[in-house]
Amino acid sequence: MQGRLQDETGEDESRGAERRAPLGCELETECAHTGRRIRLRLDRELGCEVLDEGAAPLVFVPLVNFERLRARSIIDDF
Numbered sequence: 000m001q002g003r004l005q006d007e008t009g010e011d012e013s014r015g016a017e018r019r020a021p022l023g024c025e026l027e028t029e030c031a032h033t034g035r036r037i038r039l040r041l042d043r044e045l046g047c048e049v050l051d052e053g054a055a056p057l058v059f060v061p062l063v064n065f066e067r068l069r070a071r072s073i074i075d076d077f
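Counted from 1, the sequence shown has number 71 at position 72 by numbering that gives the first Met the number 0; the numbering is strictly sequential.
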């Protein structure tokens with residue numbers, strides 16, 4: 000999976016953070032079943048927009064207590 004944090008103007012995250020601008024990100028991944036590319040855009044409120052026509056991925060944001068997380072990955076703690 001590849002991603003790039005950006006603010007609403009499309010600037011890199013570091014510049015947006017300096018201005019305290021709202022951040023979002025675009026992610027590129029692929030379907031584990033078909034290998035088809037899937038691009039997603041997340042906004043600051045974790046709203047998700049699928050950028051590739053015909054793609055309908057299941058998207059969720061796990062609620063994780065990072066203070067109690069002991070594994071190197073959240074997947075390992077499930």
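From the three backbone atoms N, C-alpha and C, an ideal C-beta is built for every residue, glycine too. Just so you know, these numbers come straight off a predicted model, no measurement behind them.
- Of the residues R69, R71, R43, L62, the one whose Cα lies closest to the Cα of G23 is R43.
- DSSP, read as helix, strand or coil, puts I74 in helix.
- When the alpha-carbon of E25 is set against those of F59, L41, D76, the nearest one is in L41.
- Nearest to D51 by C-alpha distance, out of D76, E29, E66, is E29.
- When C-alpha distances from N64 are compared across V58, D76, A54, G53, the shortest belongs to D76.
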